[in-house]
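Undergrad: This is the structure I want to talk about, given as structure tokens.
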Amino acid sequence: MISESDFRAQIRDMLSAYDEKDFERWEQERHLPRAVPAALGAAGLFRRRWEHGPEGGLPRLVAMCQELCQASSGLALATMGHSEIFIGALHWLAGGPRQLGLLEEALDGRAIGCFGATEEQSGSNLVNVQTTAVAEDGGWRLTGRKRFISNVGRADYMVVLARMDSPSHVADLSLFLLPLDHPGVSVDGFFETMGLHACDVGQVTFDAKLPADALLGNRGIGLLYATHLLQFERLAICAQLIGTADVALRLAVAYARRRSLGEQRVMDKQAVRHRLAACRAELWNLESRLEHLVAGAQRDRRMPAHEISALKLTAGESVCRIIDTTMQILGARGYTRNFPLERLWRDARLSRLGGGTDEVLSDMVASGLDRHDPHFDDLVSRLRTSDLPHITVMDGN
Ligand SMILES: Cc1cc2nc3c(=O)[nH]c(=O)nc-3n(C[C@H](O)[C@H](O)[C@H](O)COP(=O)(O)OP(=O)(O)OC[C@H]3O[C@@H](n4cnc5c(N)ncnc54)[C@H](O)[C@@H]3O)c2cc1C
Numbered sequence: 028m029i030s031e032s033d034f035r036a037q038i039r040d041m042l043s044a045y046d047e048k049d050f051e052r053w054e055q056e057r058h059l060p061r062a063v064p065a066a067l068g069a070a071g072l073f074r075r076r077w078e079h080g081p082e083g084g085l086p087r088l089v090a091m092c093q094e095l096c097q098a099s100s101g102l103a104l105a106t107m108g109h110s111e112i113f114i115g116a117l118h119w120l121a122g123g124p125r126q127l128g129l130l131e132e133a134l135d136g137r138a139i140g141c142f143g144a145t146e147e148q149s150g151s152n153l154v155n156v157q158t159t160a161v162a163e164d165g166g167w168r169l170t171g172r173k174r175f176i177s178n179v180g181r182a183d184y185m186v187v188l189a190r191m192d193s194p195s196h197v198a199d200l201s202l203f204l205l206p207l208d209h210p211g212v213s214v215d216g217f218f219e220t221m222g223l224h225a226c227d228v229g230q231v232t233f234d235a236k237l238p239a240d241a242l243l244g245n246r247g248i249g250l251l252y253a254t255h256l257l258q259f260e261r262l263a264i265c266a267q268l269i270g271t272a273d274v275a276l277r278l279a280v281a282y283a284r285r286r287s288l289g290e291q292r293v294m295d296k297q298a299v300r301h302r303l304a305a306c307r308a309e310l311w312n313l314e315s316r317l318e319h320l321v322a323g324a325q326r327d328r329r330m331p332a333h334e335i336s337a338l339k340l341t342a343g344e345s346v347c348r349i350i351d352t353t354m355q356i357l358g359a360r361g362y363t364r365n366f367p368l369e370r371l372w373r374d375a376r377l378s379r380l381g382g383g384t385d386e387v388l389s390d391m392v393a394s395g396l397d398r399h400d401p402h403f404d405d406l407v408s409r410l411r412t413s414d415l416p417h418i419t420v421m422d423g424n
């Protein structure tokens, strides 16, 4: 079994085939070459991430996210969609020769996948999904339009969240495997986004006749599947954020140590030292929280949904603030494209929208709080019964 440091070394080795010019070219082309995630698969990295199972492989997921986002945030985004949603769904739910064969292809990077949940009427609230799956001739007719889909321009398959024909319940959704080169499927175009330019974000429309085994897992519980898979994506986003903030902070510290203003270095200014120290402290807290969550999930073989939401919520806000601070410390240079901070600043912002918005995650954390707590419920009841003013005896005036 290879160690975590060997796993990281393997990713770095694979990435050494590319340099800054390649990363810049991907940004300019607004697409990640399909060959890049394919090469990660060919190097055996997806197999290693998954060989100890979804939770058992979390330390490798974290390592992969952190290494990839140092090269390109867009690469990390596209790769995580492929690994954590596409492979994650197949690893969990695949049955029958075609789906099991597709899992092997996905692990080897021969088939690349993305995730299609969002639509015009359903972003935060996936219960509103309008895409329909109708049983037809022993197979399915899948009809709908998905928006804001990462890497849809270079992926081969999309895992689609769709509403079943004649649903018995409003949340009667299922997951389907849609080949993006299938007749009746068209990628309509791509959105101009603020950041993460190396990964395209597009819209796809489909009215496709699919075989029976396009259905992934059991019908009617697709929302539950998607919600579980999103826990892995959220954890991956946390790892990417922490990796990105680490890069930004080290860059700012190096700059502050090397830039002199008269007799003093920028690093000698107390206001700067303290801001950098506060960023470092905040980042250490996030790192140890991530480690704690990963260790707990590995031990219990369970993803703690509320705690992952809480970490993504705080990591998103903290890391956007940390990168903003590091940009401040570089002065005008931080704002130019000669330094990577303006790109990191733009890239990090998606984390507060994608994979669950701050507001949705806050609601989720709050729902975990809103539970019976015998000790404190009782204490509040007792305190409220004696919640009276002290009686002050007034004198005769
Ligand atoms: C770059 C990028 C890549 C993406 N990649 C993918 C992808 O690969 N696959 C995919 O399926 N989707 C993807 N998305 C879509 C993303 O998941 C959605 O944008 C996100 O879920 C929010 O949905 P929405 O944009 O429709 O916002 P809406 O749901 O319309 O929300 C609008 C605002 O209302 C708030 N809000 C909503 N519900 C509540 C509530 N209950 N309480 C309080 N406030 C609320 C939201 O927080 C938000 O501030 C991507 C988006 C972007 C920008």
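Following this note's numbering, the numbering of the sequence shown begins with 28 at its first residue and continues without gaps. Where is the CB? At the ideal position from N, CA and C, for every residue including glycine. None of the values given here were measured: they were computed from a predicted structure.
(1) Determine the closest residue to G395 out of I335, G143, R360, M421, with distance taken between C-alpha atoms.
(2) If you drop the 5 nearest sequence neighbours on each side, which residues of the same chain put their C-beta closer than 6 Å to that of D199?
(3) What's the gap between the Cα of A162 and the Cα of Q93?
(4) Can you give the Cα-Cα distance for L169 and E132, rounded to whole angstroms?
(5) Within the continuous beta strand (DSSP E) that includes M191, where are the two ends?
(6) For the candidate residues I356, T341, L340, whose alpha-carbon lies nearest to that of V293?
(7) What does the alpha-carbon distance come out to for the pair R364 and H333?
(8) Assess, as a yes-or-no matter, whether the stretch 309-317 is touched by the stretch 401-421 under the definition of 3 or more beta carbon pairs within less than 8 Å.
(9) So within the stretch 374-414, which uninterrupted alpha helix (DSSP H) runs reach at least 4 residues, ignoring any that extend past its ends?
(10) At which residues does the beta strand (DSSP E) containing E51 begin and terminate?
(11) Quick check: the Cα distance between H58 and G123, rounded to an integer number of angstroms?
(12) Please report the straight-line C-alpha distance between M185 and R261, rounded to a whole angstrom.
(13) Would a C-beta distance cut-off of 8 Å place I139 and R61 closer than the cut-off?
(14) Give the DSSP bridge partners of Q291, in chain order.
(15) By DSSP, does R174 sit in helix, in strand, or in coil?
(16) Along the chain, where does the alpha helix (DSSP H) that runs through C141 open and close?
(17) Over the uninterrupted alpha helix (DSSP H) stretch that includes E31, give me the two end residues.
(18) Would the stretch 223-238 and the stretch 100-119 be scored as touching if the rule is three or more Cβ pairs under 8 Å?
(19) Less than 7 Å separating the Cβ of L377 from some heavy atom of ligand 1?
(20) When DSSP labels each residue in this structure, what does D164 get in the three-state scheme?
(21) Would you mind reading off the limits of the beta strand (DSSP E) that contains Q230?
(22) Please look up how many angstroms separate the CB atoms of L205 and A144, rounded, as I've assumed it's under 8 Å.
(23) Taking the beta strand (DSSP E) that D215 falls in, what are its first and last residues?
(24) Does the stretch 76-91 come close enough to the stretch 107-126 to have 3 or more Cβ pairs within less than 8 Å?
(25) At the level of alpha carbons, what is the spacing between G166 and A182?
(26) What three-state label does DSSP hand E146 in the structure shown?
(27) Do A263 and ligand 1 come close, with the Cβ less than 7 Å from some heavy atom?
(28) Would you say the beta carbon of I18 is closer than 7 Å to some non-hydrogen atom of ligand 1?
(29) Ignore the nearest five residues each way along the sequence and tell me which others in R286's own chain have a CB closer than 7 Å to its CB.
(30) Would you mind giving the Cβ-Cβ distance between A275 and L380, rounded to the nearest angstrom? I have them listed as a contact below 8 Å.
(31) Measure the C-alpha to C-alpha separation of A283 and Y362 and round it to an integer number of angstroms.
(32) Beta carbon of E141: closer than 7 Å to some heavy atom of ligand 1?
(33) I'd like the span of the beta strand (DSSP E) that includes L204, first residue to last.
(34) Mapping DSSP to helix, strand and coil, what is T271?
(35) Any idea what DSSP makes of L278, helix, strand or coil?
(36) With DSSP collapsed to three states, give me the class of L59.
TA: So, from the data block:
(1) Looking only at I335, G143, R360, M421, the smallest Cα-Cα distance to G395 is reached by I335.
(2) Answer for D199: M191, G247, listed in chain order.
(3) 42 Å
(4) 23 Å
(5) 184-191
(6) I356
(7) If you draw a straight line from the Cα of R364 to the Cα of H333, it comes to about 38 Å.
(8) no
(9) 385-396, 401-412
(10) Where E51 is concerned, there is no enclosing beta strand (DSSP E), although the alpha helix (DSSP H) it sits in stretches over 47-56.
(11) 33 Å
(12) 19 Å
(13) yes
(14) L288
(15) It is a strand residue.
(16) For C141, there is no enclosing alpha helix (DSSP H); the enclosing beta strand (DSSP E) has its first and last residue at 140-143.
(17) 31-42
(18) At 8 Å Cβ cutoff, the stretches touch.
(19) True, at least one ligand heavy atom lies under 7 Å from that Cβ.
(20) coil
(21) 228-237
(22) At roughly 13 Å, the Cβ-Cβ gap does not stay under 8 Å, so L205 and A144 are not in contact.
(23) 212-217
(24) yes
(25) 23 Å
(26) strand
(27) no
(28) Given a span of 28 to 424 for the chain in the structure shown, any question on residue 18 remains unanswerable.
(29) R292, V293
(30) 20 Å between Cβ atoms; not a contact.
(31) 15 Å
(32) According to the sequence shown, residue 141 is Cys rather than Glu. Because some heavy atom of ligand 1 lies under 7 Å away, the Cβ of C141 counts as near it: yes.
(33) 200-206
(34) helix
(35) helix
(36) coil
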